[in-house]
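Just so we're aligned, residue 1 is where the sequence shown starts under the working numbering, counting upward by one.
Glycine included, every Cβ here is placed at the ideal spot set by N, Cα and C.
None of these values were measured; they are calculated from a predicted model.
Here is the structure we will look at.
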Amino acid sequence: MSLIITNIALHYLSKKEDTGEVVLRLGPENIDFTQESAKTTNFVDGLHTIYNAKGNKAYGSFSDMPSEGDAARFVDLMASYLTEQQSFYDFSTQAANVLKNEIEKYDIDETGYFVICHYEYMGGRYLLIAVIPVSEHYSVDGELNISAAQHLDINKIQLAARIDLFDYKDNAQGNRYISFIKGRAGRKVSDFFLDFLGCEEGLNAKEQTQTLVQAVEDYVAVNQLDPSEKQKTRKDLLSYCKEQKASSQDVSLQEIGKVIESAGAEQDFYQFCQTQSYAMEESFPHEQAVVNKITKYSGYGNGISLSFERSHFGEDVIYNPHNDSITIYKVPPNLKEQLMALLDSEKVEAEKVPEE
């Protein structure tokens, strides 16, 4: 395991049902994260993995706006820790209080376990901040007695952000050293967490990725690659992007130029992008869901789900825009088996109907 924990703190935020008051319960000052404490390391590793897998992320930076009144800014608290002016635990408790005040200001129910973890992974150094929801689970003992307990449901995490500390140190004026999950529950939730961090959105990873995909399509078209070369180019891009996503690394246009080299092309992809002046940065975090569409079409609606490789379009999958229909040849064996069973069952039911 290549994840190394530098510091970690855990606190609990709850809300009184009768008054709505937010209560902050501070966790222990020293959490064991040494090699002997595999539980803590496994917990952070799981949190890191789940955060990486979240596709609905945005990127930004710390705002230059001053804080309201006497409230402390998260960035200033973080700086005091990184410059060793105060301990990690003191930093975490002050940050927890800032979050508590934000929850009270917005009057929302986003409570749970507040985690701040400073760790290293694959040569990078990060600060992960998250509010982990609590779920109830049940168990039964040998006497069939039912008991209930609570657990941290990291799979349902929606309030989380990660700061790339190396990028922040080297490029404090940048627009993407903070990544955060864009909540689906409404802007109010997202706003309160961004306000807590003092973060403003910057780089739009989805737009950057869409431009990348369009550039690749333009590249294979301009160079008039044959169908097999086009499909190979798309698959090579997909494989590269998956590898970068798995290791939490940005995609690089120069690296992509080496990955999708085509024998029939007059210039490599990177040179092509330079001459076409696409609105893309040299490297950027990407949206994997956007890249996935370059080799596959899929859709769902009205109870129908359909997905197929792009190379089948026009051959095994024919779309007729005039009557809005799709004809599929070479039906997948497992689907064919189900359809034959359905036809047989309908035939049996029809034979049971008495004649009038």
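Requested in this report: Would you identify the three-state DSSP class for residue 348, choosing helix, strand or coil?
Outcome: helix
Query - Sequence ranges, alpha helix (DSSP H) only - wholly within the region 180-239, length at least 4 - result: 187-197, 205-222
Query raised in the report: Exposed or buried, residue 61, counting other C-beta atoms within 10 Å across all chains shown (16 or more means buried)?
Result: Buried, because 16 or more other Cβ atoms sit within 10 Å of the Cβ of residue 61.
Report task. May I have the straight-line CA-CA distance separating residue 4 from residue 120, to the nearest angstrom? Result -> 5 Å
Query raised in the report: How big is the Cα-Cα spacing for residue 180 and residue 296?
Result: 27 Å
Query raised in the report: Using a Cβ-Cβ cut-off of 8 Å (strictly less than) and excluding sequence neighbours within five positions of residue 185, which residues of its own chain qualify?
Result: Per-residue confidence for residue 185 stands at a pLDDT of 49, beneath the threshold of 50, marking its modelled position as unreliable; the derived number appears in the next sentence. Result list for residue 185: 158, in chain order.
Requested in this report: With DSSP as the reference, label residue 130 as helix, strand or coil.
Outcome: In this structure, residue 130 counts as strand in the three-state DSSP scheme.
Requested in this report: Could you spell out the range, first to last residue, of the beta strand (DSSP E) harbouring residue 118?
Outcome: Element bounds for residue 118: 112-121.
Query raised in the report: Do residue 176 and residue 152 come within 8 Å of each other at the CB atom, strictly closer than that value?
Result: no
Report task. Identify every run of the beta strand (DSSP E) within the region 267-317, keeping only runs that are complete inside it and at least 3 residues long; order them along the chain. Result -> 296-301, 304-309
Report task. For residue 220, I'd like the list of residues in its chain whose CB is within less than 6 Å of its CB, leaving aside the five on either flank, ordered along the chain. Result -> 230, 233
Requested in this report: Compare the C-alpha of residue 99 against each of 325, 212, 114 and name the closest.
Outcome: Cα-wise, what sits closest to residue 99 is 114.
Query - DSSP-derived helix/strand/coil call for residue 163 - result: strand
Query raised in the report: Do residue 6 and residue 118 have their CB atoms nearer than 8 Å?
Result: yes
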